[in-house]
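Novice: One structure, as structure tokens, below. Some questions next.
Numbering (UniProt numbering), first residue to last: 1 to 805.
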């Protein structure tokens, strides 16, 4: 039986027999770890079919198995070392004994690693070796030949101590020189009491890995030999003493924070992280314990991410490894630093010729006579002013506004109320319907009216009675060919109406089509040979119905293929790789129907059966070569189907109701889309799209029926969630942690069923949130986060026709 044993005073051992064991700082967890750096809901262990799997729940500082960060779901095996930030544990098998750890014997292959053409000598008395001075290595001797890794289980030199990292350091003998390199260990490598990243060892040195101490013993007579100082940087020259040529050392490279604090880059390898064990310690909750590493080679510095939780960024780009250039902006979590390579003020080695005092005085006098002193000041002023002007204007020149790193805030821009006490607004749509280069807000309501508002101030552009009762969100597109967006709405009686930007009817569908109630958003796509987009409507009586975008005439329907009412917004994507857009919808009877169209006709590609859905529309996932259709059912789990065949791919057994539709985005920075599904009770589930495994989950504690919107509000490379809840609140959830980072209560709003939209509606290059509550309040709230001017970021219900980013 597997059991989790905590080391050094942790909780009592826990048998891995329960189906689900949660771990974290919150008191509701199965295993409570009251330690700094452990997240409230840090990780969980899932046991099924006799196997146990560890899942990180989006913790701030990560979960590790044998020194490697857990991504997705990882199977646990006996004798695995598990770390939750600094809290360490071991998986033990209570029915088996621990394997004996034996350091590898030295072989002839080790001797072959010596320097070429050098005399090769088997280690013996008088060779290089590490001699244990205490702790787990007391009295042990470890001969050194070639390269050896020092660390815990599986390394060349094994130290059975939990304070030692799995791969702690490397010691190498080459050409008679013994070199020690720290490998990014958690607790550091020390030589003669000084922490080091890389050093050349000599006989008699004391080497410590945390509290495990060795003495270096060299070949016979080595201590009497001339010791060689560690080489200095190639560009640095020792200043000459006295008179003669004076040589200035080239400035050292450094990282500089916004307050001007400098972190000199001394040595060839430096670690960056939150804990004091790092060479550069950044005390911020968004920085991982061991976040990144800087290495120097051939005069250049390279930055590498060390599997951090919140990513490493260079000039706004998330990186795993990047060679740095002077002026690069680095970001670790939310901590920003600038890179200076030491040449900002001095270029290369400067050599000043020594001169006598008389010559120096004469030269200075000549200079003063040649150019007036005020001229130097003027030139300096112009240089500084020009540089400052370029710095301040460079973002405008590049066309991209700078991102704001201030604390996230949200404030109301404007508010408008539906006329005559009307209620039940749909999710609006953002579009420039009057050609003024401002996004407008168009919303329909349960009384059959369509209201268009100016995005800048919320003033009414038009209000038109279009149909009897409108429940489906509207859609926008240029149906008339004039270059300006028009509006399409579909009613509860099955009437579909197209309006222009003045609220005038372009066309209305024939009532004899008997479409039945339309309960979800239509989509626009070209299904015939003209230039205008056509309208594909999910109907209760005729399945999917395609109407000509210019006239409203019926092109085709899927009545003969459809069982039940089409109640979800059609998904539009090339699901079978033939280069043609296909359509997928789900009926109230659980039929998933995929169709394609050509030459004005429609054909079924496949159909599949799933448990009943509750209006949640399907989502499309393209993960490399794997294409999937994801459906959130009403209590029957979240189900992924092969997009080309409809065959089941995976099922996440989540027995909850989903009114909000699943949406797709990269939730953990691995460049693979994931699935986000928010249940009716407010539970957020983030699932790996290729396995259905849960990446993290979180409970908001309030009902949610509105499908969230996506936007990266903290500039960490991950799309965050903008959620409207049933109590009139806006909640912004950090995707990296699954935690609410900004809750806002909207005055006058009762409950949100309509989903949020995002864009710059007032042309101030900032993100605006558009929301419509059930009691008829339509509001715009501004975030202090940058957006492309006059651009819609999430313009329509579900964001787009694939339902994600």
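Backbone N, C-alpha and C fix where the C-beta goes; we use that ideal spot for every residue, glycine too.
Contact between the segment 12–25 and the segment 44–51 is defined here as three or more beta-carbon pairs at a separation below 8 Å; is this criterion met?
Specialist: yes
Novice: Looking at the structure shown, is residue 613 part of a helix, part of a strand, or coil, going by DSSP?
Specialist: Position 613 of the chain shown, counted from the start, is the residue given in the question as residue 613. Secondary structure of residue 613 (DSSP, three-state): coil.
Novice: Please name the residue or residues paired with residue 84 in a DSSP beta bridge.
Specialist: For this step, residue 84 is matched to residue 84 along the chain shown. The partner list for residue 84 (beta bridge, DSSP) reads 63, 87.
Novice: Between the C-alpha atoms of residue 638 and residue 662, what's the straight-line distance to the nearest angstrom?
Specialist: The residue labelled residue 638 in the question sits at position 638 within the chain shown. The residue labelled residue 662 in the question sits at position 662 within the chain shown. Using only the alpha carbons, I get a separation of about 9 Å.
Novice: Run the CB neighbour count on residue 217, radius 10 Å, all protein chains shown included, and call it buried at 16 or more, exposed below.
Specialist: To locate residue 217, count along the chain shown from 1; it is residue 217. So residue 217 counts as buried.
Novice: Restricting to Cα atoms, I'd like to know which of 84, 507, 77, 69 is closest to residue 25.
Specialist: Residue mapping note: residue 25 aligns to position 25 of the chain shown, counting from 1. Considering only alpha carbons, the answer is 84.
Novice: For residue 552, which residues of its own chain have a beta-carbon under 7 Å away from its beta-carbon, when the five flanking residues on both sides are left out?
Specialist: Counting from one through the chain shown, the residue named residue 552 turns up at place 552. Its chain contains 496, 498, 507, 508, 509 as the residues whose beta carbon lies nearer than 7 Å to that of residue 552, once the 5 sequence neighbours on both sides are disregarded; these appear in chain order.
Novice: Out of curiosity, what's the CA-to-CA distance linking residue 313 and residue 153?
Specialist: Your numbering for residue 313 matches position 313 in the chain shown. Your numbering for residue 153 matches position 153 in the chain shown. The straight-line gap from Cα to Cα measures roughly 33 Å.
Novice: Can residue 792 and residue 430 be called in contact, C-beta distance under 8 Å?
Specialist: The residue labelled residue 792 in the question sits at position 792 within the chain shown. The residue labelled residue 430 in the question sits at position 430 within the chain shown. Yes.
Novice: To the nearest whole angstrom, what separates the beta carbons of residue 612 and residue 579, a pair I think is in contact under 8 Å?
Specialist: As a working note, residue 612 is residue 612 in the chain shown. As a working note, residue 579 is residue 579 in the chain shown. Wrong, their Cβ atoms sit about 34 Å apart, outside the cutoff.
Novice: Which runs of the beta strand (DSSP E) at least 3 residues long sit entirely within the UniProt domain "FHA" (21–70)? Give them in chain order.
Specialist: 43–48, 51–56, 63–65
Novice: From this set, 269, 718, 725, 724, which residue's C-alpha is nearest residue 848's C-alpha?
Specialist: With the chain covering 1 to 805 only, the question about residue 848 has no answer from this structure.
Novice: Hey, would you say residue 146 sits closer than 8 Å to residue 173, going by beta carbons?
Specialist: Looking up residue 146 in the chain shown gives position 146. Looking up residue 173 in the chain shown gives position 173. The answer is yes: Cβ separation under 8 Å.
Novice: Once you ignore the five residues that flank residue 92 on each side, which residues in its own chain have a CB closer than 6 Å to its CB?
Specialist: Indexing the chain shown from 1 puts residue 92 at position 92. So the list reads 3, 5, once near-sequence residues are dropped.
Novice: Just confirm the distance between the C-beta atoms of residue 546 and residue 533, as a whole number of angstroms; I'd bet it's less than 8 Å.
Specialist: The residue you call residue 546 lines up with position 546 of the chain shown. The residue you call residue 533 lines up with position 533 of the chain shown. Not really, about 11 Å apart at Cβ, beyond 8 Å.
Novice: Does DSSP put residue 132 in a helix, in a strand, or in coil?
Specialist: Walking along the chain shown from the start, residue 132 turns up at place 132. Strand at residue 132.
Novice: Between residue 255 and residue 330, is the Cβ-Cβ spacing less than 8 Å?
Specialist: Numbered from its first residue, the chain shown carries residue 255 at position 255. Numbered from its first residue, the chain shown carries residue 330 at position 330. Contact: yes.
Novice: Got a sec, what are the start and stop residues for the beta strand (DSSP E) residue 560 sits in?
Specialist: For the purposes of this step, residue 560 is identified with residue 560 of the chain shown, where counting begins at 1. Where residue 560 is concerned, there is no enclosing beta strand (DSSP E), given that its DSSP letter is neither H nor E.
Novice: For residue 771 versus residue 779, is the C-beta distance shorter than 8 Å?
Specialist: Locating residue 771 in the chain shown gives position 771, where the first residue counts as 1. Locating residue 779 in the chain shown gives position 779, where the first residue counts as 1. Result yes, Cβ atoms of residue 771 and residue 779 sit closer than 8 Å.
Novice: Between residue 557 and residue 543, which are expected to be in contact by the criterion C-beta below 8 Å, what is the C-beta distance as a whole number of angstroms?
Specialist: The residue labelled residue 557 in the question sits at position 557 within the chain shown. The residue labelled residue 543 in the question sits at position 543 within the chain shown. So it is a contact: roughly 6 Å between Cβ atoms.
Novice: Could you give the distance in angstroms between the alpha-carbon of residue 295 and the alpha-carbon of residue 279?
Specialist: Translated into the one-based positions of the chain shown, residue 295 becomes position 295. Translated into the one-based positions of the chain shown, residue 279 becomes position 279. Cα to Cα, residue 295 sits roughly 12 Å from residue 279.
Novice: Do residue 73 and residue 683 have their CB atoms nearer than 8 Å?
Specialist: Counting from 1 along the chain shown, the entry for residue 73 is found at position 73. Counting from 1 along the chain shown, the entry for residue 683 is found at position 683. No. Outside cutoff.
Novice: So for residue 512, helix, strand or coil by DSSP?
Specialist: In the chain shown, the residue the question calls residue 512 occupies position 512. Of the three classes helix, strand and coil, the one that applies to residue 512 here is helix, per DSSP.
Novice: So, are the CB atoms of residue 517 and residue 480 less than 8 Å apart?
Specialist: Numbered from 1 along the chain shown, position 517 holds the residue referred to as residue 517. Numbered from 1 along the chain shown, position 480 holds the residue referred to as residue 480. Not in contact: residue 517 and residue 480 (Cβ atoms no closer than 8 Å).
Novice: Report yes if the C-beta distance between residue 465 and residue 477 is below 8 Å; otherwise report no.
Specialist: Here the question's residue 465 lines up with position 465 in the chain shown. Here the question's residue 477 lines up with position 477 in the chain shown. No, the pair does not count as a contact, with Cβ atoms beyond the cut-off.
Novice: May I ask which residues mark the beginning and end of the beta strand (DSSP E) holding residue 215?
Specialist: Taking the chain shown and counting its residues from 1, one reaches residue 215 at position 215. 212–217 is the extent of the beta strand (DSSP E) around residue 215.
Novice: Which whole-angstrom value describes the C-beta separation of residue 703 and residue 668, a residue pair presumed to lie in contact below a C-beta threshold of 8 Å?
Specialist: Within the chain shown, residue 703 is the residue found at index 703, counting from 1. Within the chain shown, residue 668 is the residue found at index 668, counting from 1. Not quite, the Cβ-Cβ distance comes to about 27 Å (not below 8 Å), so this is no contact.
Novice: Helix, strand or coil: which one does DSSP assign to residue 137?
Specialist: Residue 137 sits at position 137 when you count from the first residue of the chain shown. DSSP places residue 137 in helix when its eight states are reduced to three.
Novice: For residue 609, count the other beta carbons within 10 Å of its own beta carbon; 16 or more makes it buried, fewer makes it exposed. Which is it?
Specialist: The count along the chain shown starts at 1 and reaches residue 609 at position 609. Residue 609 comes out exposed.
Novice: According to DSSP, is residue 300 part of a helix, a strand, or is it coil?
Specialist: Your numbering for residue 300 matches position 300 in the chain shown. Strand, per DSSP.
Novice: Who pairs with residue 262 in a beta bridge, going by DSSP?
Specialist: For the purposes of this step, residue 262 is taken as the residue at position 262 of the chain shown. In the DSSP output, where bridge partners are listed per residue, residue 262 has 256.
Novice: Give the DSSP bridge partners of residue 811, in chain order.
Specialist: The structure shown has nothing for residue 811, since the chain only spans 1 to 805.
Novice: How about the segment 725–732 and the segment 314–328: do they share at least three Cβ pairs that are nearer than 8 Å?
Specialist: no
Novice: Classify residue 302: buried if its beta carbon has 16 or more other beta carbons within 10 angstroms, exposed otherwise.
Specialist: Counting from one through the chain shown, the residue named residue 302 turns up at place 302. Per the 10 Å Cβ criterion, exposed.
Novice: Do residue 736 and residue 58 have their C-beta atoms within less than 8 Å of each other?
Specialist: Residue mapping note: residue 736 aligns to position 736 of the chain shown, counting from 1. Residue mapping note: residue 58 aligns to position 58 of the chain shown, counting from 1. Yes, Cβ-Cβ distance for residue 736 and residue 58 is below 8 Å.
Novice: Indicate whether residue 631 and residue 672 have their beta-carbon atoms separated by less than 8 Å.
Specialist: Here the question's residue 631 lines up with position 631 in the chain shown. Here the question's residue 672 lines up with position 672 in the chain shown. No, the Cβ-Cβ distance between residue 631 and residue 672 is not below 8 Å.
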